[in-house]
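S.K.: Structure incoming, see below.
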Amino acid sequence: MEIDYRIYEHPIIRFKRGRRVRFYFEGRVVEAYEGESVLAALYAIGVRVFTWSKKLGRPRGAFCMIGKCSSCFAVVDGVPNRRICIEPVREGIRVERQRGLAEIPRVEDVEPVETVNIETDLLVVGGGPAGLKAALTAADQGMDVVLVDSHYRLGGQLVKQTHKFFGSKEYFGGKRGFQVAEELSKKVLEHPRIRVYRSSEAYGFFDNKVVGVAVKYPKPLNLVVKADAVIASTGAMEKGLLFENNDLPGVMGAGGAQTLMNEYGVRPGDKALVVGAGNVGLIVAYQLLQAGVKVEALVEIMPRIGGWFVHAAKLRRYGVPILTRHTIVKAIGENRVEAAVITRVDENYRPIGGSEKKLDVDLVLISIGLTPDTRFFSQAGAVLKWIPELGGFTPIRTRYLETSIENIYVAGDASGIEEATTAFIEGEIAALSAAIKLGYGSKEAVERREKLLSYLWDEYRLSPVVSRARAGKLKATVSEEEMMLIRGKKFGGV
Amino acid sequence: MGGGVAKKIVCRCEDVTIDDILEAIERGARDLETLKRMLRIGMGPCQGSHCIPIAASILARKLGVPVEEVLPPGYRPPLTPTPIKYFLKGGGESDQG
Numbered sequence: 012m013e014i015d016y017r018i019y020e021h022p023i024i025r026f027k028r029g030r031r032v033r034f035y036f037e038g039r040v041v042e043a044y045e046g047e048s049v050l051a052a053l054y055a056i057g058v059r060v061f062t063w064s065k066k067l068g069r070p071r072g073a074f075c076m077i078g079k080c081s082s083c084f085a086v087v088d089g090v091p092n093r094r095i096c097i098e099p100v101r102e103g104i105r106v107e108r109q110r111g112l113a114e115i116p117r118v119e120d121v122e123p124v125e126t127v128n129i130e131t132d133l134l135v136v137g138g139g140p141a142g143l144k145a146a147l148t149a150a151d152q153g154m155d156v157v158l159v160d161s162h163y164r165l166g167g168q169l170v171k172q173t174h175k176f177f178g179s180k181e182y183f184g185g186k187r188g189f190q191v192a193e194e195l196s197k198k199v200l201e202h203p204r205i206r207v208y209r210s211s212e213a214y215g216f217f218d219n220k221v222v223g224v225a226v227k228y229p230k231p232l233n234l235v236v237k238a239d240a241v242i243a244s245t246g247a248m249e250k251g252l253l254f255e256n257n258d259l260p261g262v263m264g265a266g267g268a269q270t271l272m273n274e275y276g277v278r279p280g281d282k283a284l285v286v287g288a289g290n291v292g293l294i295v296a297y298q299l300l301q302a303g304v305k306v307e308a309l310v311e312i313m314p315r316i317g318g319w320f321v322h323a324a325k326l327r328r329y330g331v332p333i334l335t336r337h338t339i340v341k342a343i344g345e346n347r348v349e350a351a352v353i354t355r356v357d358e359n360y361r362p363i364g365g366s367e368k369k370l371d372v373d374l375v376l377i378s379i380g381l382t383p384d385t386r387f388f389s390q391a392g393a394v395l396k397w398i399p400e401l402g403g404f405t406p407i408r409t410r411y412l413e414t415s416i417e418n419i420y421v422a423g424d425a426s427g428i429e430e431a432t433t434a435f436i437e438g439e440i441a442a443l444s445a446a447i448k449l450g451y452g453s454k455e456a457v458e459r460r461e462k463l464l465s466y467l468w469d470e471y472r473l474s475p476v477v478s479r480a481r482a483g484k485l486k487a488t489v490s491e492e493e494m495m496l497i498r499g500k501k502f503g504g505v
Numbered sequence: 045m046g047g048g049v050a051k052k053i054v055c056r057c058e059d060v061t062i063d064d065i066l067e068a069i070e071r072g073a074r075d076l077e078t079l080k081r082m083l084r085i086g087m088g089p090c091q092g093s094h095c096i097p098i099a100a101s102i103l104a105r106k107l108g109v110p111v112e113e114v115l116p117p118g119y120r121p122p123l124t125p126t127p128i129k130y131f132l133k134g135g136g137e138s139d140q141g
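Protein chains in written order, with the working numbering: chain G, 12 to 505; chain A, 45 to 141.
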């Protein structure tokens, strides 16, 4: 029988697969469905190695699944370094796995791409919850908006969130993430004042305050955007964990597995070990069960489960062992995970000799938290600060979310890891702030911003379950006066 | 085929292991910028989004300083792998220069 990892029955999601598309993978014809990524289509037929690393030639597989790492680099129609997790399947394309560094193309093979200069009031980099909300808010204030996103589908990580949001109707309480993504994306795409470029990556911020954007589809374009303000809602990246063979195909970020099973309806494996029992780990473990994956165990290095009791209780009802004071020491396998070794740890988190246990799994999911994606801010020269409560480096900002580079704002997970609701609110605050500063904001905009700020800081973040994130956000926020001083100093690049 | 030797990889893009980082610190690296220049961490296609936080934690622990005191390294464009064909044609008449 042919290998098929696609999910056809799921308790929550009905996968609407598009029309059939055929493409070539290393000479063989692969059938896929429109809307799938190249990686998802290949994963569905059992391919697990997508690239071999450039120095050590180590096999690498699906890892971040959101176009941020380098573990799925392939050659698509002769172009190397393509992240096939965000490459849409198209009729007749040729895909080959990449073996190490690609050859430099010869000049005669290169067709130069046209450069187009455009101007706009606001550029939004990243179309997740913060970016979508920011674009809509600014456009409603009368600003012309350009929104770019590296994926061919808008919505950021909302597209793989299958649980219902808590909280008020205004912030989509009662709806599931992927439904909210559809709703907001539609509004953004239909808005007359918003121009959307998907499959488009911001590659740099330059001296004359322009942002370079490489548009890949439908027509390659070097888009040079001059914007009066920029909101960078670039999201986050899974944190890595050190253990032997932590790069073996089958070791994946928890979010990567969610992308496969919840966005594309592809089962990420047969038997899984989940590392980290915070809310993400617990939720992903449950979603694995829904996708038909057996969860052998969840390990948590701390003495207690980090996530909510309700999530843990659900897993226990299904007989999934949650092992606290345990961690992973090793992944075993030739070209993909065939087993994993876990161990008990002592009160200093050191492995206890003799307590190792080998688990027969083909999937190891890392869910030890996220770290903000700050590449854009670093390169632009914004002052960053390491804030453990927020997951790592993040730009310092005023309460209006403006960074140390005037008119560049941060919103969503890039400003420190929280969740979708705060991302919506931050997106709106950043957009209102840009509008007010540039003279678009009405009196209502100022009132609305104050209302949002007080709701965010004095209500939403006061909940004890998010007190850590609140403390982190406080550390990252400086007064207007402090920001003036910081901007006055010369922080030359190194 | 096969990965061969068991390794703990810090930076997937540049194949940098934990041992490489520890050795570089041993040889005198005291900040991320130096680690970057010695090992190329943060200079690969993912631009450090995976390795820099791990390297920062290791560095802080080894130097006995709070991780808050570790400064991020510098970054240069392009932030993402971009084919050379995007930069071969000039900027057109409205180029800001």
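C-beta: ideal position from N, C-alpha, C; glycine also. Quick caveat, the model's predicted, so the values are computed rather than measured.
Evaluate contact between the stretch 458–468 of chain G and the stretch 242–261 of chain G, counting only Cβ atoms and requiring at least three cross-stretch pairs below 8 Å.
M.R.: Segments in contact, no.
S.K.: In chain G, which residues lie less than 9 Å from residue 88 of chain A when you measure between Cβ atoms?
M.R.: Simply 65 and 81.
S.K.: Under a three-way DSSP split, which group does residue 53 of chain A fall into?
M.R.: Reduced to three states, the DSSP call for residue 53 of chain A is strand.
S.K.: So, are the CB atoms of residue 57 of chain A and residue 250 of chain G less than 9 Å apart?
M.R.: No, the pair does not count as a contact, with Cβ atoms beyond the cut-off.
S.K.: Between G:219, G:248, G:208 and G:243, which lies nearest to residue 232 of chain G when the distance is taken from Cα to Cα?
M.R.: The shortest Cα separation from residue 232 of chain G among G:219, G:248, G:208 and G:243 belongs to G:208.
S.K.: Classify residue 242 of chain G as helix, strand or coil using the three-state DSSP reduction.
M.R.: Here residue 242 of chain G sits in strand by DSSP.
S.K.: Could you tell me how far apart the beta carbons of residue 70 of chain G and residue 346 of chain G are, in whole angstroms, since I believe they sit closer than 8 Å?
M.R.: About 5 Å separates the two Cβ atoms, so the contact holds.
S.K.: So residue 383 of chain G and residue 427 of chain G are supposed to be a Cβ contact under 8 Å. How far apart are they, rounded?
M.R.: At roughly 6 Å, the Cβ-Cβ gap stays under 8 Å, so residue 383 of chain G and residue 427 of chain G are in contact.
S.K.: Name, going along the chain, the residues of the stretch 95–110 of chain A whose beta-carbon falls closer than 8 Å to a beta-carbon of chain G.
M.R.: Correct list: 95, 96, 97, 98 and 100.
S.K.: Starting from the N-terminal side, write out each stretch of the alpha helix (DSSP H) that is 4 residues or longer and does not extend beyond the stretch 284–338 of chain G.
M.R.: Listed in chain order, the complete alpha helix (DSSP H) runs (minimum 4 residues) inside the stretch 284–338 of chain G are 290–301 and 320–328.
S.K.: Would you tell me roughly how many angstroms separate the C-alpha atoms of residue 459 of chain G and residue 304 of chain G, rounded to the nearest one?
M.R.: Cα to Cα, residue 459 of chain G sits roughly 45 Å from residue 304 of chain G.
S.K.: So with Cβ pairs under 9 Å, would you call residue 250 of chain G a contact of chain A?
M.R.: Closer than 9 Å: yes.
S.K.: Less than 9 Å between CB atoms is the rule here; does residue 85 of chain A satisfy it with respect to chain G?
M.R.: Not one chain G Cβ lies under 9 Å of residue 85 of chain A.
S.K.: Strictly below 7 Å CB to CB, what residues from chain G border residue 153 of chain A?
M.R.: Residue numbering for chain A in the displayed model covers 45 to 141; residue 153 of chain A lies beyond these limits and cannot be assessed.
S.K.: Could you name each continuous beta strand (DSSP E) segment of 3 residues or more that falls completely within the stretch 417–467 of chain G, going from the start of the chain to the end?
M.R.: Counting only runs of 3 or more, we get 419–421.
S.K.: Within 9 Å (strictly less), CB to CB, does residue 319 of chain G reach chain A?
M.R.: No, residue 319 of chain G does not count as interfacial toward chain A.
S.K.: Starting from residue 142 of chain G, trace the alpha helix (DSSP H) both ways and give me its first and last residue.
M.R.: 140–151 is the span of the alpha helix (DSSP H), which, as asked, contains residue 142 of chain G.
S.K.: To the nearest whole angstrom, what separates the beta carbons of residue 325 of chain G and residue 297 of chain G, a pair I think is in contact under 8 Å?
M.R.: Indeed they touch by this definition, with Cβ atoms about 6 Å apart.
S.K.: Residue 306 of chain G to residue 333 of chain G, Cα distance in whole Å?
M.R.: If you take the alpha carbons of residue 306 of chain G and residue 333 of chain G, they lie about 10 Å apart.
S.K.: Residues of the stretch 376–392 of chain G with a CB closer than 7 Å to any CB of chain A: list them in chain order, please.
M.R.: Per Cβ criterion, the list reads 382, 384, 386, 387, 389 and 390.
S.K.: Which residue from G:488, G:457, G:415 and G:288 puts its Cα closest to that of residue 314 of chain G?
M.R.: Selected option, being the one with the closest Cα: G:288.
S.K.: If we count the other Cβ atoms within 10 Å of its Cβ and call it buried at 16 or more, is residue 329 of chain G buried or exposed?
M.R.: Exposed is the call here.
S.K.: Could you tell me the alpha carbon to alpha carbon distance between residue 75 of chain G and residue 267 of chain G, rounded to whole angstroms?
M.R.: Residue 75 of chain G and residue 267 of chain G: Cα-Cα distance of roughly 5 Å.
S.K.: Among G:487, G:498, G:73 and G:152, which residue has its Cα nearest to the Cα of residue 448 of chain G?
M.R.: Among G:487, G:498, G:73 and G:152, the Cα nearest to that of residue 448 of chain G belongs to G:152.
S.K.: So, helix, strand or coil for residue 189 of chain G, using DSSP?
M.R.: Note: residue 189 of chain G maps to helix in three-state DSSP.
S.K.: Could you tell me the alpha carbon to alpha carbon distance between residue 398 of chain G and residue 488 of chain G, rounded to whole angstroms?
M.R.: Approximately 11 Å between the Cα atoms of the pair.
S.K.: Check whether the Cβ atoms of residue 236 of chain G and residue 223 of chain G sit closer than 9 Å, and answer yes or no.
M.R.: Cβ distance < 9 Å, so residue 236 of chain G and residue 223 of chain G count as in contact.
S.K.: Between G:318, G:273, G:372 and G:73, which lies nearest to residue 308 of chain G when the distance is taken from Cα to Cα?
M.R.: Considering only alpha carbons, the answer is G:372.
S.K.: Please state if the CB of residue 242 of chain G and the CB of residue 141 of chain G are separated by a distance shorter than 9 Å.
M.R.: Going by C-beta atoms, residue 141 of chain G is nearer than 9 Å to residue 242 of chain G.
S.K.: Applying the criterion that 16 or more other CB atoms from any shown protein chain within 10 Å of the CB defines a buried residue, is residue 404 of chain G buried or exposed?
M.R.: Result: buried.
S.K.: Report yes or no: is there a C-beta of chain A within less than 9 Å of the C-beta of residue 258 of chain G?
M.R.: Interface residue, yes.
S.K.: Pull the bridge partners of residue 353 of chain G from the DSSP assignment, please.
M.R.: Beta-bridge pairing links residue 353 of chain G to G:339 and G:368.
S.K.: Identify whether residue 414 of chain G lies in helix, strand or coil by the three-state DSSP scheme.
M.R.: DSSP places residue 414 of chain G in strand when its eight states are reduced to three.
S.K.: Using the DSSP secondary-structure output, state which residues sit across from residue 109 of chain G in a beta bridge.
M.R.: Partner(s): G:62.
S.K.: Are the C-beta atoms of residue 395 of chain G and some chain A residue less than 9 Å apart?
M.R.: Yes, residue 395 of chain G counts as interfacial toward chain A.
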